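K.L.:
Numbering (the working numbering), first residue to last: 3 to 205. My questions all concern the structure below.
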Amino acid sequence: MPQGQPSVVPDDGLTTRQRRNRPLVFVHTGIGKGKSTAAFGLALRAWNQGWPIGVFQFVKSAKWKVGEENALRVLGASGEGGSVDWHKMGEGWSWVQRDVVQGDNSANEDKAREGWEQVKRDLAAETYKLYVLDEFAYPLHWGWIDTDEVIEVLRDRPGTQHVVITGRNAPEKLVDFADLVTDMSKVKHPMDAGQKGQRGIEW
Numbered sequence: 003m004p005q006g007q008p009s010v011v012p013d014d015g016l017t018t019r020q021r022r023n024r025p026l027v028f029v030h031t032g033i034g035k036g037k038s039t040a041a042f043g044l045a046l047r048a049w050n051q052g053w054p055i056g057v058f059q060f061v062k063s064a065k066w067k068v069g070e071e072n073a074l075r076v077l078g079a080s081g082e083g084g085s086v087d088w089h090k091m092g093e094g095w096s097w098v099q100r101d102v103v104q105g106d107n108s109a110n111e112d113k114a115r116e117g118w119e120q121v122k123r124d125l126a127a128e129t130y131k132l133y134v135l136d137e138f139a140y141p142l143h144w145g146w147i148d149t150d151e152v153i154e155v156l157r158d159r160p161g162t163q164h165v166v167i168t169g170r171n172a173p174e175k176l177v178d179f180a181d182l183v184t185d186m187s188k189v190k191h192p193m194d195a196g197q198k199g200q201r202g203i204e205w
């Protein structure tokens with residue numbers, strides 16, 4: 003298997019194996035397409051390793067069916083790899099709706115907070131080995147969930163639990179804290195030419 007060589011070896015007292023196996027926090031942010039898709043690709047690798055996976059979809063509508071959800075549910079139920087639990091925190095609402103930003107968002111905030119409380123319980127219980135907190139950057143950016151609290155919980159999480167957070171406008175504090183950060187920039191997109199999303203590409 004290909005293995006990258008680190009450019010720096012820190013003087014942290016850890017062995018190579020200990021450092022290699024430490025739990026990671028990933029952030030996929032930026033305005034480009036592919037943040038959630040990259041996280042679900044990571045979930046496929048985790049499934050292949052037999053890891054239990056928890057997907058927490060924070061903002062997309064509960065009615066929104068992403069192709070990766072069906073695929074990962076089927077794989078999780080196959081008995082060949084890891085288990086997959088998929089939690090939807092939205093209640094028929096989406097970040098693309100203008101009223102989410104401008105209107106009364108108390109119900110949406112409550113759902114986001116309930117979702118975060120569930121993540122905290124699962125982290126404390128070491129329920130999963132990989133957590134995909136899809137679109138979680140939005141509730142943090144809007145101030146619905148306290149970024150400092152999130153960082154504290156993630157820093158103190160027990161065991162070997164990896165967490166990937168997706169969404170635009172990830173708070174700078176979270177970016178500084180994370181182990182791996184990818185900023186998806188947009189060079190071109192079909193929507194720029196007036197083309198809407200299509201089956202097999204967007205969902």
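The beta-carbon is built from N, C-alpha and C at its ideal position, and this holds for glycine as well. For clarity, every value in this text was computed on a predicted model and none was experimentally measured.
How would you call Thr31, buried or exposed, if buried means at least 16 neighbouring beta carbons within 10 angstroms?
P.N.:
Flag for Thr31 reads buried.
K.L.:
Among Thr162, Met193, Asp194, Arg157, which has the Cα closest to the Cα of Asp178?
P.N.:
Looking at the Cα atoms, Arg157 is the closest of the given residues.
K.L.:
Examine the ligand ZN and report whether any of its heavy atoms sits within less than 6 Å of the Cβ of Asp148.
P.N.:
By its list of ligands, the structure shown contains no ligand whatsoever, and the ligand ZN lies outside what it can speak to.
K.L.:
Once the 5 residues before and after Trp97 are set aside, which same chain residues still bring their CB inside 6 Å of it?
P.N.:
Its pLDDT being 44, under 50, Trp97 is placed unreliably in this model, and the value from its coordinates should be taken loosely. Closer than 6 Å at the Cβ level, and outside the excluded window around Trp97, lie Val61, Tyr140.
K.L.:
On the criterion of 16 or more Cβ atoms from any shown chain inside 10 Å, does Leu51 qualify as buried, or is it exposed?
P.N.:
Going by the sequence as given, residue 51 is Gln instead of Leu. Counting Cβ neighbours within 10 Å, Gln51 comes out exposed, since fewer than 16 surround it.
K.L.:
Using DSSP with H/G/I as helix, E/B as strand and the rest coil, what is Asp194?
P.N.:
The answer is helix: DSSP assigns Asp194 an H, G or I state.
K.L.:
Mapping DSSP to helix, strand and coil, what is Thr31?
P.N.:
In the structure shown, Thr31 sits in a strand (DSSP, three-state: E or B).
K.L.:
Run the CB neighbour count on Gln197, radius 10 Å, all protein chains shown included, and call it buried at 16 or more, exposed below.
P.N.:
Exposed.
K.L.:
Is it the case that the Cβ atoms of Met193 and Lys37 are separated by a distance below 7 Å?
P.N.:
No, they are not a contact pair.
K.L.:
Would you report the Cα separation of Gln59 and Thr168, rounded to the nearest angstrom?
P.N.:
Those two C-alpha atoms are separated by around 10 Å.
K.L.:
Assuming Asp150 and Val27 make a contact with CB atoms under 8 Å, what is their CB distance in whole Å?
P.N.:
No, Asp150 and Val27 are not in contact; Cβ-Cβ is about 15 Å, not under 8 Å.
K.L.:
Counting C-beta neighbours from all protein chains within 10 Å, is the total for Gln7 16 or more, i.e. buried, or is it exposed?
P.N.:
Exposed, because fewer than 16 other Cβ atoms sit within 10 Å of the Cβ of Gln7.
K.L.:
Tell me whether Thr18 sits in a helix, a strand or coil according to DSSP, three-state version.
P.N.:
Three-state result, Thr18: helix.
K.L.:
Rounded to the nearest angstrom, what separates Glu70 and Ala45 at their Cα positions?
P.N.:
Taking the straight line joining both Cα atoms gives about 10 Å.
K.L.:
What is the residue span of the alpha helix (DSSP H) that Thr39 lies within?
P.N.:
Element bounds for Thr39: 37-50.
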